[in-house]
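Novice: Protein chains in written order, with our numbering: chain A, 818 to 1112; chain B, 818 to 1112.
Protein chains: 2
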Amino acid sequence: MIKCLAIIGVGLIGGSLALAVKRAGVCQEIVGGGRDEAQLCKALELGVIDRYEINIATAVHDADMVVVAVPLGAMEEVLRQIAGHVRPDTIITDTGSAKGSVVAAARAAFGAVPQTFVPGHPIAGMEKNGVEASSVDLFEGQRVILTPLPDTQMEALAAVRTLWQYTGAEIVEMEVEHHDAVLAATSHLPHVLAYVLVDMLARMDESQGIFHFAAGGLRDFTRIASSDPVMWRDICLANHVTVLSMLERFSSELASLTAAIRAADGTHILSVFTRSKVARDLYYQYKSLVPKEIQ
Amino acid sequence: MIKCLAIIGVGLIGGSLALAVKRAGVCQEIVGGGRDEAQLCKALELGVIDRYEINIATAVHDADMVVVAVPLGAMEEVLRQIAGHVRPDTIITDTGSAKGSVVAAARAAFGAVPQTFVPGHPIAGMEKNGVEASSVDLFEGQRVILTPLPDTQMEALAAVRTLWQYTGAEIVEMEVEHHDAVLAATSHLPHVLAYVLVDMLARMDESQGIFHFAAGGLRDFTRIASSDPVMWRDICLANHVTVLSMLERFSSELASLTAAIRAADGTHILSVFTRSKVARDLYYQYKSLVPKEIQ
């Protein structure tokens, strides 16, 4: 039982977590904190939180556990406002999409990363945002990645695991660097590619009516380019080392394929396309054939 | 009324066109032609065609109209087998995904592009293939682009328009170069990006278990990487001039964005991401709000 859970940043992620914790009936009070009073008011009206505080130090003062669910760009500032205002045994976790930068922010804010701090990242859909989009089922069947450090307290890790289990998510642990590499490859890089492509097409569209003749494939391919630009700018900046390394790797692969087209090297082109199709078909076939709990 | 329609290459596209023409009851006989006798047999069994000929010269001998629905890589060879074996007034059209290369193939095969030749491209889903996937509705509500040349006969163009109207498709005319630029931008380039990305991830996956943590966004983003590799190799080779120009343009835009991330230039990153999101949201909002027939 958590006596007091403070959620800093009550948007889609913070709000959905609050709803799942309420449904589980394992928390006496949920306090919302953040600088957006209109959003906190709405969260209170919707019954997502029990009360709110604009002052973050006040919001976390009585908390047994603090979840920081603010954009990556605000993470360090918020952690600084928390530091010195929580009890030594208060467990702190976050929901940022990049973990190396959050660990660095915690180190900067607290002097050293508290042993009660458990970096976390729920992988959930992001097409809507705001507390009014919150859903008690948002994390059901999704993955939450926790990236504890070597000296993170076992008790803190166990408590954050338990918290996320109330949402119906599957909890996975990995190292900070592995998380950032995996996410840069499968999420951050594809978002950058989609954004750059759509921006290029939009500018061509003015003169050539490009979009009008686009088939269904483009719609799916560019769906992620409808994601929140501020959030994705923050992710690119926060995870820049790994994102840059993926961008370099991709650019180099693209240059090889471009060279093969220029040289009319059908064998090279076909080998890339075939490996790609086989990998994708096999992976999604695997996903559809193997029950999720044993994948 | 068409007395004899010859369809060379009775796969998904040729087969679906045959079914729609049969449903319309506007053709006395449909002859299938091509080198894949097993596929032609199946087409006959399924009632897609009325008879077939392995010899292409024989298949087109009595035809009023010939539709060449073979892969781009086989186009010139098939047109050479047609040349000299059709009547001077036989109308010829094709279904290739790139048009400049088909016009060049026709010029090579016939000495000059026949005035009865109308290059065409039905934009339809390609996830399945083979005649057994044929559907009378495949082109319903889809677009068919025709790219007549300056000296293409009006009668031939009108006849090919009418043919496609039987399928329920919307027919659009544009110049060969415009077609190839639009398709390179909205279809060929995205396919290349998806193939290169999945191939890169698949090779990283062996060491780092990348795919296991991929969210739903990647599934949609990479769907087109499950397309037929041979068809897409052919498209890259056939439309190489325009595809290369789009690849160069994209690589240069990607290099700018990469430089902005390296320089932590949040303003530049945000402007690209915001323009992209606005363009995509507006375009698909437009698509959902404006009735298709007046878009």
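No residue lacks a Cβ here, since even glycine has one placed at the ideal position from N, Cα and C.
Suppose contacts are defined by Cβ-Cβ distances below 7 Å. Is A1031 (chain A) in contact with A1011 (chain A) by that definition?
Specialist: Counted from its first residue, the first sequence places residue 1031 (chain A) at position 214. Counted from its first residue, the first sequence places residue 1011 (chain A) at position 194. Cβ distance not < 7 Å, so A1031 (chain A) and A1011 (chain A) don't count as in contact.
Novice: Helix, strand or coil for Y1012 (chain A) per DSSP?
Specialist: Counting from 1 along the first sequence, the entry for residue 1012 (chain A) is found at position 195. Of the three classes helix, strand and coil, the one that applies to Y1012 (chain A) here is helix, per DSSP.
Novice: By the 10 Å Cβ neighbour count, where 16 or more other Cβ atoms means buried, how is S914 (chain A) classified, buried or exposed?
Specialist: In the first sequence, the residue the question calls residue 914 (chain A) occupies position 97. It counts as buried.
Novice: Is it right to say M882 (chain B) is buried, meaning 16 or more other beta carbons lie within 10 angstroms of its own, or is it exposed?
Specialist: Stepping through the second sequence from its first residue, residue 882 (chain B) is reached at position 65. M882 (chain B) comes out buried.
Novice: So, is the C-beta of M815 (chain A) closer than 7 Å to a C-beta in chain B?
Specialist: This structure cannot speak to residue 815 (chain A), because chain A is shown only from 818 to 1112.
Novice: If we cut at 7 Å on Cβ distances, does A925 (chain A) have a partner in chain B?
Specialist: Here residue 925 (chain A) is taken as the residue at index 108 of the first sequence, counted from 1. False, the Cβ-Cβ gap to chain B never drops below 7 Å.
Novice: Can you list the residues of chain A that A1096 (chain B) reaches, using a CB-CB cut of under 9 Å?
Specialist: Within the second sequence, numbered from 1, the residue matching residue 1096 (chain B) stands at position 279. Correct list: V1015, D1016, L1018, A1019, R1020, D1022, F1028, A1042.
Novice: For a quick check, are the C-beta atoms of G1083 (chain B) and R1050 (chain A) less than 7 Å apart?
Specialist: Taking the second sequence and counting its residues from 1, the one referred to as residue 1083 (chain B) is at position 266. Taking the first sequence and counting its residues from 1, the one referred to as residue 1050 (chain A) is at position 233. A Cβ-Cβ contact shorter than 7 Å links G1083 (chain B) with R1050 (chain A).
Novice: Report yes if the C-beta distance between V948 (chain A) and A860 (chain A) is below 7 Å; otherwise report no.
Specialist: By one-based count along the first sequence, residue 948 (chain A) stands at place 131. By one-based count along the first sequence, residue 860 (chain A) stands at place 43. Against a cut-off of 7 Å, the Cβ pair of A860 (chain A) and V948 (chain A) comes out as a contact.
Novice: Which parts of the segment 822-857 of chain A are runs of the alpha helix (DSSP H), unbroken and 4 residues or longer, counting only runs that do not cross its ends?
Specialist: 829-841
Novice: Below 6 Å CB to CB, which residues in the same chain sit around I847 (chain A) once its five sequence neighbours on both sides are set aside?
Specialist: As a working mapping, residue 847 (chain A) is identified with position 30 in the first sequence. If we look at I847 (chain A) and ignore the five residues flanking it on each side, its Cβ neighbours are L822, A835, I866, D867.
Novice: Do V1060 (chain A) and A998 (chain A) have their C-beta atoms within less than 7 Å of each other?
Specialist: Against the first sequence, residue 1060 (chain A) aligns to sequence position 243. Against the first sequence, residue 998 (chain A) aligns to sequence position 181. Against a cut-off of 7 Å, the Cβ pair of A998 (chain A) and V1060 (chain A) comes out as no contact.
Novice: Run through DSSP, which three-state label would M882 (chain B) get?
Specialist: Counted from its first residue, the second sequence places residue 882 (chain B) at position 65. DSSP, read as helix, strand or coil, puts M882 (chain B) in strand.
Novice: Could you say if the segment 915-926 of chain B and the segment 983-994 of chain B meet the contact criterion of at least three C-beta pairs nearer than 8 Å?
Specialist: Yes: at least three Cβ pairs fall under 8 Å.
Novice: Out of B:A1081, B:Y1101, B:I1052, which one is the CA nearest neighbour of A1081 (chain A)?
Specialist: Numbered from 1 along the first sequence, position 264 holds the residue referred to as residue 1081 (chain A). The residue with the shortest Cα to Cα distance from A1081 (chain A) is B:I1052.
Novice: Taking C-beta pairs closer than 8 Å, name the residues in chain A that R852 (chain B) reaches, listed in chain order.
Specialist: Here residue 852 (chain B) refers to the residue found at position 35 of the second sequence. Correct list: empty, because the minimum Cβ distance to chain A is about 19 Å.
Novice: With 7 Å as the threshold, decide whether the Cβ of D1037 (chain A) is near any Cβ in chain B.
Specialist: In the first sequence, counting from the first residue as 1, residue 1037 (chain A) sits at position 220. Judged by the 7 Å Cβ criterion, D1037 (chain A) is in contact with chain B.
Novice: Check each candidate in B:G842, B:K945, B:T875, B:V843 and name the one with the smallest Cα separation from G851 (chain B).
Specialist: Sequence index remark: in the second sequence, residue 851 (chain B) carries index 34 (1-based). G851 (chain B) has its Cα closest to that of B:T875, out of B:G842, B:K945, B:T875, B:V843.
Novice: Cα separation between L1087 (chain A) and M1048 (chain B)?
Specialist: Against the first sequence, residue 1087 (chain A) aligns to sequence position 270. Against the second sequence, residue 1048 (chain B) aligns to sequence position 231. Their backbone Cα atoms lie some 9 Å apart in a straight line.
Novice: Beta-carbon within less than 6 Å of I908 (chain B)'s beta-carbon, same chain only, minus the 5 sequence neighbours each way: which residues are those?
Specialist: Taking the first residue of the second sequence as 1, we reach residue 908 (chain B) at position 91. Taken in chain order, the residues that qualify are M882, T933, A973, A976.
Novice: Check the Cβ-Cβ distances between T1091 (chain A) and every residue of chain B, and say whether any is below 7 Å.
Specialist: Residue mapping note: residue 1091 (chain A) aligns to position 274 of the first sequence, counting from 1. It does: the Cβ of T1091 (chain A) has a partner Cβ on chain B nearer than 7 Å.
Novice: Whole angstroms is fine: what's the gap from P1056 (chain B)'s alpha carbon to S952 (chain A)'s?
Specialist: As a working note, residue 1056 (chain B) is residue 239 in the second sequence. As a working note, residue 952 (chain A) is residue 135 in the first sequence. Rather than Pro, the amino acid found at residue 1056 (chain B) in this sequence is Asn. Between N1056 (chain B) and S952 (chain A), the C-alpha separation is close to 47 Å.
Novice: Can you find a CB in chain B that lies within less than 7 Å of the CB of E1070 (chain A)?
Specialist: Position 253 of the first sequence, counted from the start, is the residue given in the question as residue 1070 (chain A). Residue-level contact by beta carbon holds for E1070 (chain A) and chain B, with a gap shorter than 7 Å.
Novice: Tell me whether D1022 (chain A) sits in a helix, a strand or coil according to DSSP, three-state version.
Specialist: Translated into the one-based positions of the first sequence, residue 1022 (chain A) becomes position 205. Of the three classes helix, strand and coil, the one that applies to D1022 (chain A) here is helix, per DSSP.
Novice: So who's on the other strand from D911 (chain A), going by DSSP bridges?
Specialist: Position 94 of the first sequence holds residue 911 (chain A). The beta-bridge partner set that DSSP reports for D911 (chain A) consists of A:V885.
Novice: Pick from A:L1018, A:M1017, A:F1067: whose alpha carbon is nearest that of H1005 (chain A)?
Specialist: Taking the first residue of the first sequence as position 1, residue 1005 (chain A) is located at position 188. Here the closest residue by C-alpha is A:F1067.
Novice: At the level of alpha carbons, what is the spacing between K929 (chain B) and R1036 (chain A)?
Specialist: Start at 1 with the first residue of the second sequence, and residue 929 (chain B) comes out as number 112. Start at 1 with the first residue of the first sequence, and residue 1036 (chain A) comes out as number 219. The question names Lys, but residue 929 (chain B) is Ala in the sequence shown. Approximately 39 Å between the Cα atoms of the pair.
Novice: Closer than 7 Å by beta-carbon distance: list the chain B residues that pair up with W1049 (chain A), in chain order.
Specialist: Position 232 of the first sequence, counted from the start, is the residue given in the question as residue 1049 (chain A). In chain order: F1090.
Novice: Am I right that I1015 (chain B) and A1072 (chain A) are in contact with their C-beta atoms under 8 Å? What's the rounded C-beta distance?
Specialist: Within the second sequence, residue 1015 (chain B) is the residue found at index 198, counting from 1. Within the first sequence, residue 1072 (chain A) is the residue found at index 255, counting from 1. Checking the sequence, you will find Val at residue 1015 (chain B) rather than Ile. Beta-carbon to beta-carbon, V1015 (chain B) and A1072 (chain A) are separated by about 17 Å, too far to satisfy the 8 Å threshold.
Novice: Identify the contact partners of H1057 (chain A) in chain B, using a Cβ-Cβ distance below 9 Å as the criterion.
Specialist: Here residue 1057 (chain A) is taken as the residue at index 240 of the first sequence, counted from 1. For H1057 (chain A), the residues of chain B that pass the 9 Å Cβ criterion are I1078, R1079, A1081, in the order they occur in the chain.
Novice: Which value, in whole angstroms, describes the spacing of the CA atoms of G831 (chain B) and I825 (chain B)?
Specialist: As a working mapping, residue 831 (chain B) is identified with position 14 in the second sequence. As a working mapping, residue 825 (chain B) is identified with position 8 in the second sequence. About 8 Å.
Novice: When the cut-off is 7 Å and only beta carbons count, does I1086 (chain A) lie next to chain B?
Specialist: Counting from one through the first sequence, the residue named residue 1086 (chain A) turns up at place 269. Closer than 7 Å to some Cβ of chain B, the Cβ of I1086 (chain A) qualifies, so yes.
Novice: Could you name the residues that DSSP lists as bridge partners for F934 (chain B)?
Specialist: As a first step, residue 934 (chain B) must be located in the second sequence, where it is residue number 117. F934 (chain B) pairs with B:I909.
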